[in-house]
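There are 2 protein chains.
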Amino acid sequence: MIKVLLVEDQAMVRGALVSLLGLEPDIEVVGEAASGQEALTVALETKPDVVLLDIEMPGGDGITAGARIREALPACQVMILTTFGRPGYLRRAMEAGAVAFLVKDSPARELAAAIRRVRDGERVIDPGLAAAALSAGPNPLSPRECDVLAAAVDGSTVGDIAVRLHLSEGTVRNYLSSAIQKTRARNRIEAVQRAQAQGWL
Amino acid sequence: MIKVLLVEDQAMVRGALVSLLGLEPDIEVVGEAASGQEALTVALETKPDVVLLDIEMPGGDGITAGARIREALPACQVMILTTFGRPGYLRRAMEAGAVAFLVKDSPARELAAAIRRVRDGERVIDPGLAAAALSAGPNPLSPRECDVLAAAVDGSTVGDIAVRLHLSEGTVRNYLSSAIQKTRARNRIEAVQRAQAQGWL
DNA sequence: GCTTGACGGTGACATTTGTCAGACGACCGG
DNA sequence: CCGGTCGTCTGACAAATGTCACCGTCAAGC
């Protein structure tokens with residue numbers, strides 16, 4: 001029996017995935033969690049063989065949760081199951097020690113197959129996605145540029161961002177400007193969208 | 001047996017929901033579709049009692065697909081199952097003749113329960129969501145303001161939008177300005193986000 | 001018939017945003 | 001110890017954005 005911990009914030013999707021995995025005779029869902037925080041707690045309680053993690057969740061994203069779990073339970077394999085196949089997500093997931101990266105677009109039966117391949121010591125990564133992640137290259141934005149761009153996603157003005165990050169307005173404008181150029185965008189909105197599409201924020 | 005057509009673009013979620021409904025002895029998934037267009041075709045083939053529709057899908061959104069299906073098959077009940085409980089979505093879904101509106105945050109067992117309640121002629125709507133939709137009031141944006149705001153989501157400049165909608169730049173600026181005021185935002189980015197949060201785009 | 005609102009437009013204006021050049025200290029690798 | 005990068009800041013400038021006042025048409029409603 002492969003013991004699986006399932007981490008996904010949308011309760012109905014989580015329940016549906018449990019029932020999907022319930023069809024497999026050699027897979028047992030030993031725990032569920034709805035956030036990154038909760039994931040670590042439940043992992044320590046249930047000591048699963050495999051954790052299946054969503055990325056975008058309120059209360060701790062799946063990638064950092066995966067890293068924490070690997071620290072605490074080195075025997076436990078981390079798999080990512082996400083809606084968005086963003087190159088930066090894949091890259092960060094791999095750096096955090098994940099051994100599989102699945103997107104929810106792929107057919108349902110691939111989930112159990114991927115879990116078994118992970119149990120057998122394989123890595124499971126969509127080849128097209130891997131190519132995209134490699135060809136896109138690493139995140140060109142400096143940490144601070146990321147901060148400023150991330151602070152701009154909600155439509156804040158330069159003044160707002162400056163206050164929030166304790167910077168001068170000119171500095172904020174400079175970071176935004178260089179982020180716009182590095183993303184080859186025409187304004188901050190495009191810059192934010194491109195950075196998000198790459199998984200850089 | 002209640003015959004259900006399941007419409008959801010993410011294959012893995014769709015498959016998981018099928019397996020979830022497969023646990024219910026009185027429910028049978030007679031068809032699946034991954035887009036609004038496909039939904040209508042499959043509905044005509046399979047003549048389900050109930051269609052379960054996601055809203056945000058590439059290739060025709062679920063609400064208009066639901067309206068089309070109601071036209072073609074008046075006996076078929078339309079249920080919406082969506083990630084986002086946006087007031088405007090609920091309102092539009094009701095106007096399009098939907099009898100249920102579920103969010104994927106709610107527990108998995110509520111899905112089958114909701115389907116049975118719909119079979120019994122009931123409507124199923126989250127009370128809190130209904131209150132939000134009523135208190136928020138209807139969409140204050142004029143159709144054209146919606147168009148212009150929707151054209152601004154991807155970071156297009158005023159000039160781009162003007163060309164795309166065959167308008168003068170001044171007109172575009174005027175519509176954006178009035179949309180910003182009606183949404184009580186400070187700039188177009190906030191306006192877009194508030195309008196999206198309400199489900200007005 | 002008159003009013004109202006949506007639609008489309010113009011022109012002027014203030015503000016915000018984006019760009020550039022430059023300056024300073026910190027830190028890191030060679 | 002020297003060059004490069006990063007972070008921070010300033011000041012100045014051009015371009016884009018947001019606001020306002022105003023004008024016209026047209027269709028719907030009272």
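Going down the list, the protein sequences come from chains A and B.
Heads up: the first sequence begins at 1 in UniProt numbering, then just goes up one per residue.
Heads up: the second sequence begins at 1 in UniProt numbering, then just goes up one per residue.
In this text, a Cβ means the ideal position worked out from N, Cα and C, and glycines have one as well.
Can you find the residues in the same chain that come closer than 8 Å, C-beta to C-beta, to residue i, ignoring five residues on each side of it along the sequence?
i	result
R14/A	L6, E8, E32 and A34
D126/B	G85, F101, L102, V103 and S106
V18/A	L6, V29 and E32
L129/B	G85, P87, L90, F101 and V103
N187/B	I180
T46/A	K3, L5, V30 and G31
Q37/A	G59, G60 and A65
G22/A	V29
G159/A	E169
R92/B	I63 and G199
A108/A	L20
Looking only at its chain, what residues have a beta carbon closer than 7 Å to the beta carbon of residue i, apart from the 5 residues adjacent to it on each side?
i	result
V78/A	V51, L53, G66, I69, R70, G97, A98 and V99
E145/A	Y175, S178 and A179
W200/A	G88, N139, L141 and C146
A152/B	I161, L176, R188 and V192
I55/A	D61, G62, I63, I80, T82 and Y89
A136/B	P87 and Q198
A150/A	L201
Would you mind working out which of the options sits nearest residue i, comparing C-alpha positions?
i	options	result
C76/A	P138/A, E110/A and I115/A	I115/A
T183/A	N139/A, P87/A and L20/A	N139/A
A132/A	G22/A, L21/A and A197/A	A197/A
A113/B	I27/B, M12/B, Q10/B and A16/B	I27/B
L40/B	Q10/B, L23/B, P74/B and T157/B	P74/B
A72/A	A150/A, L44/A and G159/A	L44/A
V148/A	V163/A, E122/A, L111/A and G121/A	V163/A
residue 203/B	M94/B, R109/B, D154/B and G155/B	Outside the displayed span of chain B (1 to 201) sits residue 203/B, for which this structure offers no information.
M1/B	P25/B, I161/B and L81/B	P25/B
A11/B	V42/A, T83/A, M57/A and G137/A	T83/A
G121/A	P143/A, D49/A, A108/A and I55/A	D49/A
T157/B	D154/A, A136/A and E190/A	E190/A
A195/A	D154/B, A195/B and M57/B	D154/B
What does a CB cutoff of less than 6 Å around residue i pick up in its chain, not counting 5 residues either side in sequence?
i	result
R117/A	V124
Q193/A	none
Inset, instruction - Inspect the CB distances between the segment 166-185 of chain A and the segment 167-180 of chain B and report whether three or more fall short of 8 Å. - result: Cβ pair count under 8 Å is below three, so no.
Legend entry - Runs of beta strand (DSSP E) lying entirely within the UniProt domain "Response regulatory" (3-119) of chain A, each at least 3 residues, in chain order: Within the UniProt domain "Response regulatory" (3-119) of chain A, the complete beta strand (DSSP E) segments at least 3 residues long are 27-33, 50-53, 77-82 and 100-103, listed from N- to C-terminus.
Inset, instruction - Give the residues from the segment 10-24 of chain A that approach chain B closer than 8 Å (Cβ to any Cβ), ordered along the chain. - result: Q10, A11, M12, V13, R14, G15, A16, L17, V18, S19, L20, G22 and L23
Legend entry - Minimum length 4: unbroken alpha helix (DSSP H) runs contained in the UniProt domain "HTH luxR-type" (134-199) of chain A: 143-152, 158-165, 169-182 and 188-198
Inset, instruction - Note down, in chain order, all residues in the segment 164-183 of chain A with a beta-carbon under 8 Å from any beta-carbon belonging to chain B. - result: none
Legend entry - Contact list for the segment 85-107 of chain B against chain A, Cβ threshold 9 Å: Residues passing the 9 Å Cβ filter: L102, V103, K104, D105, S106 and P107.
Inset, instruction - Please list the residues of the segment 115-147 of chain B that have a C-beta atom closer than 8 Å to any C-beta atom in chain A, keeping them in chain order. - result: Going along the segment 115-147 of chain B in chain order, one finds no residue with a Cβ nearer than 8 Å to chain A.
Legend entry - Under 9 Å (Cβ pairs) to chain B, residues found in the segment 70-81 of chain A: L81
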